[in-house]
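Trainee: One structure, as C-alpha cells, below. Some questions next.
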C-alpha cells in the first residue's frame with residue numbers, strides 16, 4: 001500500500017489528460033465527506049458533508065471541510081453530486097453555496113428533497129438536477145453514470161465518472177443487503193459491467209472494512225420489533241435516525257399489526273417522514289399516524305411514539321423525555337423504549353445516560369446490545385471483497401473511514417489482487433493524480449477542520465480548543481492588580497477571581513500577599529512593563545497552585561496602569 | 001420491584017436484631033463499590049473502590065465513595081472485606097485508611113497483595129487477614145464465609161454474612177466460566193448449600209444483566225491469539241488490563257509456542273505480574289520474559305511486548321507508543337498490536353484514537369470488534385438466572401451496575417420467582433434494613449461523588465464542574481475596569497482578556513466603548529457598588545456576545561476601586 005507522503009506541499013500542475021482527485025474530507029474521520037475531481041480545468045464535487053464534534057472539540061457545533069483549496073475556483077465547479085441525504089454527505093452544502101449559490105446540485109429525488117428542505121430553512125433555493133439510477137449525465141468534461149446502492153436511507157447512489165483520463169467509480173455509502181425492504185439492490189450487475197469496461201480507480205466506503213462477514217438484512221429487524229410489540233403492556237417509544245425511512249417503515253408495520261397508532265415526535269422526524277411519504281418512499285396505512293395531541297386520549301397500549309434522539313442528544317425528543325422536560329410526553333413506568341439505531345462512536349456516554357435515566361424512571365429500554373434492533377448501513381469486509389472482485393479496479397482509494405478502516409480496506413484490496421502500489425492510502429487534503437492509469441499522490445493542500453460555533457464559521461482554531469480543554473479540566477485563576485503608571489507601585493488589588501477551581505472563598509488568601517511582594521520586588525528591580533509584570537504574577541501563581549494543589553488551572557494575570 | 005423512595009431522609013434507629021445495609025457506592029454507576037453492613041452497633045464494610053471520571057467530570061482524577069455516613073463511626077468498623085483486587089473494589093482503601101489506618105483488611109492472598117502494594121506507595125502498612133475459599137471467620141457479630149468465584153482476576157471471592165438477622169450472600173464480581181484457565185470455578189455447589197440453608201438477601205453483580213446468554217470461556221481466546229501470532233511477521237504488542245493474569249498467561253503461552261520472548265511494559269503490568277508469579281498465579285516458562293533492553297537486540301519476529309494502555313490512556317505505555325513518545329519502543333509498520341481487553345464505556349474516543357494512531361503508523365491493530373480477543377468478566381443474564389435459581393434468595397438487591405443493569409437484574413429476579421416486592425432497587429446512600437426476613441428501604445444517607453483532583457479530596461463540587469463545563473464549551477471573557485472609589489468614574493480600563501473564545505485581537509473593540517458608556521450611565525444613576533457595577537458589565541457583555549456570536553462564554557467582570 002502506498003502511504004501518504006506527509007511532507008508534500010502544493011501539487012505540481014495537473015498533467016494534460018490527467019484526472020486529479022482531492023479528498024477534502026472523509027479520510028481519517030467518519031464525516032464531512034467531500035471529494036473534488038479535476039479534469040481539464042473543471043471541477044466536480046462529490047458530496048459536501050459535516051463532521052460532528054467529539055470531546056476533543058468542546059463547544060463546537062459542526063465541523064466543515066476546508067473549502068480553501070477551491071474557494072478561488074468556484075466558477076470552475078461544474079456541479080456538486082450528492083450520493084445520498086445523510087448529514088455527513090449533504091450537511092455542508094449550505095456553507096459552500098453561501099460562497100456561490102448557483103452551483104448545481106445533482107442527486108436522487110429523496111436526496112435533493114432533504115437538501116432543499118435544509119436550504120429552505122436558510123431561505124436558499126438551489127439549482128438542482130434530479131437523476132435516477134441508470135441515468136447518464138455529462139457534467140462538463142465529467143461523464144457521470146449513476147447506480148443504485150443499498151444503504152440506511154432511500155435513494156442512495158454510486159457514481160461512475162468517465163473522463164479521457166479513465167473510469168472512476170465512487171461507491172458512496174453502501175452495503176449489499178440481498179433482500180432489501182424496498183427491493184432496491186446495490187447494482188452489482190452494473191458494477192460488473194464497469195469492471196468489464198475497466199475501472200481505473202475505485203473510491204469505496206471503508207466504514208466497516210474491519211468488521212468480518214456480511215450485514216444482517218434490515219428486514220430481520222421486523223420480527224424483533226414484532227416480539228417487542230407483542231410483549232409491551234404500555235406505550236412504546238421508538239427512537240431512530242430521522243432519515244432511516246426503512247426502519248421507520250418497519251415500526252409502522254409493527255404498530256399496524258398490533259393495533260397501535262403512531263405519533264411522530266421531533267422536528268426532523270416529522271419533516272423527513274413527510275418528504276418520504278410524499279415521494280412514495282414510506283407507506284402509511286390509512287389512519288395509522290396521528291398527532292401528538294391525539295395519542296394523549298388513547299390508552300397506552302394503543303400508542304407508539306416514533307422519536308428522534310437515538311444518539312442521546314439532550315435537546316432531542318427522547319433526551320427531553322428522559323430528562324422529564326418534554327412538552328408533550330411524560331415517561332411512565334410501563335413504557336417500553338426501543339433505541340432502534342446504531343451507537344455512533346463518541347456518543348456512548350450520552351446514549352447510556354439517556355438509557356439509565358429512562359431505566360431509573362421505570363421504563364424497559366431495549367437497545368442494540370440487548371436485541372437485534374439495528375443493523376449497520378455499511379458493507380463489512382465480506383461484502384467489500386465481493387465489490388472488489390467484481391469491479392477489479394486498477395487502483396483503490398479507500399474513503400469514508402478513520403485510519404483503522406482505511407488500512408483494513410486497503411488490506412482487502414491487496415487480498416483481492418490489487419497491486420499493493422496501486423492501493424493509495426490518503427488523508428484529507430492529499431492530492432492524487434490519475435495519469436496513464438496510475439493513481440499516485442502528488443501533493444497536499446490545506447485541509448483543516450473548519451469549526452462552526454454559534455454564528456462563526458472558521459473562527460475557532462485548534463489553539464482555542466486547547467485553551468478550552470485547559471479551562472474545562474482545571475478552570476482558571478484570574479488575578480488583577482492596578483499599578484501606578486509612574487512609579488509602578490501597586491495601588492489596587494491584587495484581587496483573585498477563580499472559576500472551576502475551588503469553592504473555598506479563602507483559598508487564595510495565602511497567595512495574595514505573595515503577589516504584592518513579588519510585584520514590589522519587580523518594581524524595586526525597575527520592572528514596570530505591565531506585560532513583564534503579568535509574567536511575574538503568572539509564574540508566581542502557577543508555581544503556588546502546583547505546589548499546593550498539584551493542579552494546572554489556567555493563570556490569567558491582568559496588570560492595569562492608572 | 002420496589003423502587004427507591006427518593007424523599008426519605010436519615011433512617012430511623014435499626015430495630016434490634018435487624019441487619020442494616022447501606023450501599024455507599026456501586027449503584028447507578030459501575031465503580032466505587034462499597035457496601036456497609038451494620039448489626040448490633042458494629043459495621044462491616046465490603047469493598048472500597050474508586051470510580052473513574054467521564055466527560056461529565058472534567059479534570060477529575062478519581063471519584064470516591066462518600067465516607068461521611070460512617071466517618072464518626074470508624075471505631076465500630078470491624079473490618080473491610082475485599083472481594084477482589086480491581087480498582088473499583090480496592091482503589092479507595094488508602095483514602096478510608098487515611099482516616100483510621102488500623103481497620104483490618106480481609107481478603108484473598110492476591111487481593112491483599114495488590115492492595116498492600118498500593119498502600120506501600122503511600123508508606124502505609126495495613127492490618128490484614130488473609131482468607132481462602134471455604135474459610136469461615138467471625139468478624140465481630142458478622143459470621144463470614146468465603147466462596148471462590150470466577151472473574152477476570154485471580155482469587156476473587158463471594159462472601160456470605162451470617163448474623164441473627166439472617167443469611168446474606170454478596171457475590172462480588174463474578175461469572176461462571178465452566179472451563180476456567182485456573183480450574184477455579186464459581187462455587188455453585190457452595191451457593192446451593194447456602195440456598196438450602198435459606199438465603200435471606202442476595203446482593204449480586206448486575207454488570208451484564210442486560211446481556212443475553214452465557215460468557216465465552218476465557219480459554220477460547222488462546223486459539224485466537226495463536227492464529228494472530230502465527231500470521232504476524234514483525235513484533236507483536238499486546239495491551240490488556242494489568243491485573244488480568246489469565247489473559248497475560250495466554251499471551252505468554254502463545255509467545256512460547258511461537259518462539260517469541262516477552263517484555264512487560266508499564267509500571268502496573270510489571271508490578272502485578274511480579275506479584276502473580278510470586279504467588280503462583282502466573283506460570284512463566286524459563287527464559288520467556290526478558291527486559292525491555294534485551295528485546296531491542298532480538299529480531300522483531302521474536303518479540304512480544306505485553307503492555308498497559310488498553311483503555312487508550314494517553315500516558316500509558318501503549319498510549320505513548322501510539323503518540324511516538326515512548327522512551328523504549330518506536331512503532332514499526334510491520335508491528336501487530338492486539339488490544340486484548342474490554343472497551344470500558346466512556347473510553348471509546350480515547351481507545352479509537354490510539355487504534356487510529358497505530359493504524360496510521362502502519363501497524364495492524366486487532367481489537368475486540370474485529371476478533372475474539374476479549375471476553376467479559378461478568379455473568380450475563382443466562383448465568384445470573386442459574387445463580388438466582390440455585391440460591392433462591394428471599395430478597396434480591398441488584399448491585400454493581402448502572403440503572404439499566406440494576407433494573408434488568410431485578411427483572412431476572414422476578415422471572416426466577418422472587419416476589420417483586422422483595423426485589424429492592426436502590427441507589428447509593430439508600431438504607432435498607434433486613435428485619436424478620438424482609439428487606440426494605442427505610443432511609444437515605446448522604447452519598448455524594450467525592451472527587452479527587454490533584455492533592456485535594458472532596459474540594460471539587462458539582463457546581464465547580466458545571467463551571468468547568470461552561471468554560472470548556474465556550475471559554476471566558478474577562479473584563480477589568482478600575483473606578484475611582486470617590487466618584488465612581490472609570491479611571492482604568494476597560495480591558496478584556498478572553499480565552500477559548502476568539503483569536504481575533506480586535507474582536508472586542510466594539511464592546512469596550514459600550515462598557516464605558518454603561519458604567520458612566522450607572523455612575524450617573526448613583527450606582528457605585530463594585531458588585532452592582534460588575535452585574536452591569538456582565539449583562540452588557542453577555543447580551544452583546546449572544547447577539548453577535550450566538551455563544552455563551554462565561555463572563556467574568558472585575559471592577560476594582562482605587
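Chains as they are written, first to last, in UniProt numbering: chain A, 1 to 562; chain B, 1 to 562. The beta-carbon is built from N, C-alpha and C at its ideal position, and this holds for glycine as well.
Short of 9 Å Cβ to Cβ, which residues in the region 458-479 of chain B face chain A?
Mentor: Correct list: 459, 460, 461, 463, 464, 465, 466, 467, 468, 469, 470, 471, 472, 473, 474, 475, 476, 478.
Trainee: For a contact defined as C-beta to C-beta under 9 Å, what are the partners of residue 355/B on chain A?
Mentor: What residue 355/B touches in chain A: 402, 403, 404.
Trainee: With a 10 Å radius around its C-beta and 16 neighbouring C-beta atoms as the bar for buried, classify residue 481/B as buried or exposed.
Mentor: Per the 10 Å Cβ criterion, buried.
Trainee: So, for residue 162/B: in the same chain, excluding its five sequence neighbours on each side, which residues have a beta-carbon less than 6 Å away from its beta-carbon?
Mentor: Counting only Cβ-Cβ distances below 6 Å, and skipping sequence neighbours, we find 143.
Trainee: Between the alpha carbons of residue 16/A and residue 40/A, how many angstroms are there, rounded?
Mentor: The straight-line gap from Cα to Cα measures roughly 7 Å.
Trainee: Express the C-alpha separation of residue 330/B and residue 304/B in angstroms, rounding to a whole number.
Mentor: Each residue's alpha carbon lies about 14 Å from the other.
Trainee: Round the Cβ separation of residue 242/A and residue 268/A to the nearest angstrom and send it over; I've been treating them as touching at under 8 Å.
Mentor: So it is a contact: roughly 4 Å between Cβ atoms.
Trainee: Using a Cβ-Cβ cutoff of less than 7 Å, which residues in the same chain neighbour residue 218/A once the five nearest sequence positions on both sides are dropped?
Mentor: Closer than 7 Å at the Cβ level, and outside the excluded window around residue 218/A, lie 177, 180, 181, 246, 375.
Trainee: Nearest to residue 355/A by CA position, among 129/A, 320/A, 544/A, 518/A, is which residue?
Mentor: It is 320/A.
Trainee: In terms of alpha-carbon separation, which member of 44/A, 134/A, 114/A, 137/A lies closest to residue 126/A?
Mentor: Checking every option, the nearest Cα to that of residue 126/A belongs to 114/A.
Trainee: In chain order, what residues of the same chain lie with their CB nearer than 7 Å to the CB of residue 78/A, ignoring the 5 residues before and after it?
Mentor: Excluding positions up to five away in sequence, the list reads 42, 43, 44, 139, 140, 142.
Trainee: What do you reckon, are the CB atoms on residue 146/A and residue 168/A nearer than 8 Å?
Mentor: No, they are not a contact pair.
Trainee: Looking only at DSSP bridge pairs, what is residue 146/B linked to?
Mentor: The partner list for residue 146/B (beta bridge, DSSP) reads 159/B.
Trainee: Apply the 10 Å Cβ neighbour rule to residue 86/B and answer buried if 16 or more other Cβ atoms are within range, or exposed otherwise.
Mentor: Buried is the call here.
Trainee: What does residue 453/B touch in chain A if you count any residue whose Cβ is under 7 Å from its own?
Mentor: Here the neighbours are 551.
Trainee: Rounded to whole angstroms, what is the Cα-Cα separation between residue 346/B and residue 69/A?
Mentor: Cα to Cα, the separation comes out at about 36 Å.
Trainee: For residue 134/B, which option in 309/B, 102/B, 184/B has the closest C-alpha, if you only look at C-alpha atoms?
Mentor: Answer by Cα proximity: 184/B.
Trainee: Give, in chain order, every residue of the region 184-214 of chain A whose Cβ lies closer than 8 Å to some Cβ of chain B.
Mentor: Result list: 210, 211, 212.
Trainee: Can you have a look at residue 71/B and say buried or exposed, based on whether 16 or more other CB atoms are within 10 angstroms of its CB?
Mentor: Residue 71/B comes out exposed.
Trainee: Closer than 7 Å by beta-carbon distance: list the chain B residues that pair up with residue 450/A, in chain order.
Mentor: Chain B residues near residue 450/A: none, gap ~14 Å exceeds 7 Å.
Trainee: Considering only residues of the region 379-411 of chain A, which uninterrupted alpha helix (DSSP H) runs meet the minimum length of 4 residues and lie entirely inside it, listed in chain order?
Mentor: Whole alpha helix (DSSP H) segments, 4+ residues: 381-391.
Trainee: Check whether chain A comes within 8 Å of residue 495/B, counting only Cβ atoms and requiring the distance to be less than that.
Mentor: True, the Cβ-Cβ gap to chain A drops below 8 Å.
Trainee: Does the beta carbon of residue 386/A sit closer than 8 Å to a beta carbon anywhere in chain B?
Mentor: So, not an interface residue.
Trainee: Between the alpha carbons of residue 148/A and residue 165/A, how many angstroms are there, rounded?
Mentor: Going from the Cα of residue 148/A to the Cα of residue 165/A covers about 24 Å.
Trainee: Thinking C-beta only, is residue 557/A closer than 8 Å to residue 501/A?
Mentor: No.
Trainee: Can you give the beta carbon distance from residue 307/A to residue 265/A, rounded, assuming they're within the 8 Å contact cut?
Mentor: Indeed they touch by this definition, with Cβ atoms about 4 Å apart.
Trainee: Taking the alpha-carbon positions, what's the residue 504/B to residue 35/B distance?
Mentor: Using only the alpha carbons, I get a separation of about 54 Å.
Trainee: Hey, which unbroken runs of the beta strand (DSSP E) at 3 residues or more fall wholly within the region 228-298 of chain A?
Mentor: 236-239, 261-265, all fully within the region 228-298 of chain A.
Trainee: In this structure, does DSSP put residue 95/A in helix, strand or coil?
Mentor: Here residue 95/A sits in helix by DSSP.
Trainee: Quick one: which unbroken alpha helix (DSSP H) runs of 4-plus residues sit fully inside the region 43-109 of chain A? Chain order, please.
Mentor: Qualifying alpha helix (DSSP H) stretches, in chain order: 68-71, 87-90, 93-97.
Trainee: Just to confirm my understanding: we take residue 63/A, look at its own chain, exclude 5 residues before and 5 after, and list those with CB closer than 8 Å. What are they?
Mentor: So the qualifying residues of the chain are 31, 32, 50, 51, 52, 53, 57, 449, 450, 451, 452.
Trainee: If I follow the unbroken beta strand (DSSP E) through residue 166/B, where does it start and stop?
Mentor: From DSSP, the beta strand (DSSP E) with residue 166/B extends over 166-170.
Trainee: Between residue 522/A and residue 536/A, is the Cβ-Cβ spacing less than 8 Å?
Mentor: Against a cut-off of 8 Å, the Cβ pair of residue 536/A and residue 522/A comes out as a contact.
Trainee: Kindly list the residues whose CB is nearer than 7 Å to the CB of residue 29/A, restricted to its own chain and excluding five residues on each side of it in sequence; keep chain order.
Mentor: 51, 402.
Trainee: Mind checking which residues open and close the alpha helix (DSSP H) that includes residue 349/A?
Mentor: Counting along the chain, the alpha helix (DSSP H) containing residue 349/A begins and ends at 348-360.
Trainee: So if DSSP puts residue 27/B in a beta bridge, which residue, or which two residues, is it bridged to?
Mentor: For residue 27/B, which the question treats as bridged, DSSP gives the partners 401/B.
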